[in-house]
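*Asks:* Just dropping this structure here.
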Amino acid sequence: MMSKPDILCIGSVLWDVIGRSASAMRQGSDVPGRITRLPGGVAMNIAMTLARFGLTPAILTTVGQDSAGDELLSACAARGIVTDLVYRSADLPTDQYMAIEGANGLIAAIADAHSLEAAGAKILAPLSDGRVACENAPFQGRVALDGNLTLTLLSEIAQSPLFSCADLRVAPASPGKAERLFPFVKQSRGTLYVNLEEAGLLCNQTFKTSRAAAENLLALGAARVLVTDGGADASEGRPDGLLTQTPPQVLVARVTGAGDTFMAAHIASEAQGLDPAAALDRALKAAATYVSGETPS
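When we follow UniProt numbering, the leftmost residue of the sequence shown carries the number 1, and every step to the right adds one.
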């Protein structure tokens, strides 16, 4: 029998292949380091952090009927993530992500989420077929949604009655996919979690501070936003005001997954009753701990 989830995490669940070096790198660098293969993807990273904070997340995604997919779902279950709702395709392989990180941050990354994009709305079936909810009784819980879905599907979700009663939290998969979130700005739906670059892409301008970015996103129509800027200030913007805080300063050991950790920690903090200032503070501390390498992947 499926455990009742506290939140649905919709989007990419794949294998992360990450090469990390303690050296600063540039294009063409060839340096020693470590290569790891870990469960990843925006939805997966969020789900893993939610589980560490005591919540029970369920993932809505696609995973291939291949050995990589079998291993991935086993890894999810071992981390306390409900996998009963996953769409498994016989024709699509399990997705993967590859990144190179140096002492100076992320050098390059390639996200192969073609199977997720090809599966499309099939991953959302549990929201309408009665397994989680149905058209006459929409899901009323928390939903974490990532921007690895196609723009067409994200646009449909932004307007769909299936999500009309949900506490919807949305994040881009990367700056290159930030503009896929614009339907949620236009429809004033959900809470958006973006970094400073992503906020600039959504607003078609450059910002110097997270506070300015949050103000502009609200002016465009966003219902609520949280804007981060690495080790600089982060801001929450909502119709009743703005909140800005500074994260702890730490030595950076990794960057991939930091934004997902921040988002998940913030969602968990609010689910556990923390007020806005305390929730933002806890999320910033969780992200700082993660990038310092102290939190397990």
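Don't be surprised by glycine CBs; every beta carbon is placed ideally from N, CA and C.
The structure displayed is predicted, hence computed values, not measured ones.
Smallest Cα separation from V42: which of D112, A213, G130, N204?
*Replies:* Against the sequence shown, residue 42 aligns to sequence position 42. The candidate whose alpha carbon is nearest that of V42 is D112.
*Asks:* In terms of DSSP beta bridges, what is A111 paired with?
*Replies:* Taking the sequence shown and counting its residues from 1, one reaches residue 111 at position 111. According to DSSP, which records beta bridges pairwise, A111 is partnered with Y97.
*Asks:* Where are the beta strand (DSSP E) runs, 3 residues long or more, that stay fully inside the segment 183-252, in chain order?
*Replies:* Within the segment 183-252, the complete beta strand (DSSP E) runs of at least 3 residues are 191-195, 224-228, 234-238, 241-245.
*Asks:* DSSP three-state call for T289: helix, strand or coil?
*Replies:* Counting from one through the sequence shown, the residue named residue 289 turns up at place 289. Correct three-state label for T289: helix.
*Asks:* Pairing CB atoms from the segment 6-23 with CB atoms from the segment 139-147, are three or more of them under 8 Å?
*Replies:* Judged by Cβ distances under 8 Å, the segment 6-23 makes contact with the segment 139-147, as three or more pairs qualify.
*Asks:* Going along the chain, which unbroken runs of the alpha helix (DSSP H) with 4 or more residues stay wholly within the segment 101-186?
*Replies:* Those alpha helix (DSSP H) runs which fall completely within the segment 101-186 and span 4+ residues are 114-119, 151-159, 182-186.
*Asks:* Only counting runs of 3 or more residues, tell me where the beta strand (DSSP E) segments fall wholly within the segment 2-59, in order along the chain.
*Replies:* Entirely contained in the segment 2-59, the beta strand (DSSP E) runs reaching 3 residues are, in chain order, 7-10, 14-20, 34-40.
*Asks:* Give the range of the beta strand (DSSP E) segment to which G64 is assigned.
*Replies:* Position 64 of the sequence shown holds residue 64. Taken as a continuous stretch (DSSP letters only), the beta strand (DSSP E) holding G64 covers 62-64.
*Asks:* What is the DSSP secondary structure of R282, counted as helix, strand or coil?
*Replies:* Taking the sequence shown and counting its residues from 1, one reaches residue 282 at position 282. In this structure, R282 counts as helix in the three-state DSSP scheme.
*Asks:* Assign K177 to buried or exposed, taking buried as 16 or more other Cβ atoms, counted over all protein chains shown, within 10 Å of its Cβ.
*Replies:* The count along the sequence shown starts at 1 and reaches residue 177 at position 177. Buried, by the Cβ-count rule.
*Asks:* From the DSSP output, which residues share a beta bridge with S89?
*Replies:* Residue numbering aside, residue 89 sits at position 89 when the sequence shown is read from its first letter. Answer is G64.
*Asks:* The alpha helix (DSSP H) with D275 in it runs from where to where?
*Replies:* Your numbering for residue 275 matches position 275 in the sequence shown. Per DSSP, D275 belongs to no alpha helix (DSSP H) and is neither H nor E.
*Asks:* How would you label H266, buried or exposed, when you count the other beta carbons within 10 angstroms and need 16 or more for buried?
*Replies:* Here residue 266 corresponds to residue number 266 of the sequence shown, with the count starting at 1. Looking at its Cβ environment, which holds 16 or more other Cβ atoms inside 10 Å, H266 is buried.
*Asks:* When you compare the segment 31-39 with the segment 110-126, are there three or more beta-carbon pairs, one atom per stretch, that lie closer than 8 Å?
*Replies:* Too few Cβ pairs lie closer than 8 Å, so no.
*Asks:* Is it true that the CB of P247 sits closer than 9 Å to the CB of A212?
*Replies:* One-based indexing of the sequence shown puts residue 212 at position 212. One-based indexing of the sequence shown puts residue 247 at position 247. Not in contact: A212 and P247 (Cβ atoms no closer than 9 Å).
*Asks:* Might you give, ordered along the chain, the residues of its own chain that have their beta carbon closer than 7 Å to the beta carbon of V255, omitting 5 neighbours on each side?
*Replies:* Taking the first residue of the sequence shown as position 1, residue 255 is located at position 255. Here the set comprises E101, G105, L106, V291.
*Asks:* Could you name the residues that DSSP lists as bridge partners for V82?
*Replies:* Taking the first residue of the sequence shown as position 1, residue 82 is located at position 82. According to DSSP, which records beta bridges pairwise, V82 is partnered with A58.
*Asks:* Kindly indicate if chain C contains any beta-carbon less than 9 Å away from that of N45.
*Replies:* Absence of chain C from the displayed structure is noted, only one protein chain being present.
*Asks:* In angstroms, rounded to a whole number, what distance separates the CA positions of V194 and A223?
*Replies:* Against the sequence shown, residue 194 aligns to sequence position 194. Against the sequence shown, residue 223 aligns to sequence position 223. Approximately 14 Å between the Cα atoms of the pair.
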